[in-house]
Amino acid sequence: MTALVALIRRDIGVGLRAGGGALIGVLFFVSVVVVMPFALGPDLALLKRIGPAILWLGAMLASLLTLDRLFTADQDDGSLDLIAMSRTPLELICAAKALAHWIAAGVPLIVATPLIGILLNLDAPATFAVALTLLVGTPALTFTGMIGAALAVTLRRGGLLLAVVVLPLSIPILIFGVAASNAALSEQVSFGTPFSILCALSLFTLVIGPFAAAASLRQGLD
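Residue numbering for the sequence shown follows the working numbering, starting at 737 and increasing by one per position.
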């Protein structure tokens, strides 16, 4: 447990420092949301209607942008081999690294959501609902993306493979995240159903993701 806590603290520190990737993800997320009103025009009703979808799409792309750093730093300095040979189960190590990545790259996106929701003409309750769906949905993006990151790090020029693997797997998370946000915005559809499915997807990826990523790492490092 001490080793896992130390690994989480190390990865959070690496992610938050200059060039670690967390700041890049937040800036990309903000840039996507800021550009959208200029592209769609001054139709405030339209911005409010599609605002949750824009926020979720920006969060998904920002998460994908930083996933390649999940195992790359460990591979570059040779520590990935030491981690794989340690006594701590590789599945727990993968889960710890994914948790650290979510804290460093995902939590800042959730914190920024209430601030940039104003640009999309979202009121406080709607913005809070979108932030809540991101809080329970972004872990699913991280644990799903960890599988692609584990595949990509063991292959040369695996950056394209990361996008090819992760994007299709992220579509259900995007669908139910946007559905829950729109349900809270319209108040005509039950919020609980898509939100519960979103929570279930996060729990499912929490269980499956570390095992799939560990299997990919073992296969690639052998």
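C-beta: ideal position from N, C-alpha, C; glycine also.
Among the candidates the options, whose CA atom is the shortest distance from the CA of residue i?
i	options	result
Q811	A885, L791 and G928	A885
F940	D859, V769, P908 and V847	P908
V872	S952, W838, L828 and I852	W838
R805	K833, A915, A936 and A876	K833
A840	D817, T802 and G814	T802
L897	I911, F912, L921 and G881	G881
W792	F912, A836, L743 and L855	F912
P773	L856, T824, L921 and A916	L856
R863	R745, S922, G842 and P904	With the sequence shown as reference, residue 863 is identified as Thr, and Arg is not the correct amino acid for it. Checked all of R745, S922, G842 and P904; the closest Cα to T863 is S922.
Just the Cα atoms here: how many angstroms apart are residue i and residue j?
i	j	result
V925	A781	19 Å
A865	F765	18 Å
F931	L937	10 Å
V741	A876	21 Å
T878	S799	7 Å
Going along the chain, which residues of its own chain have a beta-carbon closer than 6 Å to the beta-carbon of residue i, five neighbours each way excluded?
i	result
T890	G956
L950	Checking the sequence, you will find Ala at residue 950 rather than Leu. These residues qualify, in order along the chain: L826, E827 and C830.
When burial is assigned at 16 or more other CB atoms within 10 Å of the CB, is residue i buried or exposed?
i	result
P778	exposed
G814	exposed
V771	exposed
V901	buried
P861	exposed
I854	exposed
Counting only the same chain and skipping the five closest in sequence on each side, list residues whose C-beta sits under 7 Å from that of residue i.
i	result
N918	P788
A795	F765, L845, L870 and T874
Who are the Cβ neighbours of residue i in its own chain at under 8 Å, not counting the five residues just before and after it?
i	result
A848	V762, F765 and V766
S822	A739 and I829
S952	I883, A886, L887 and T890
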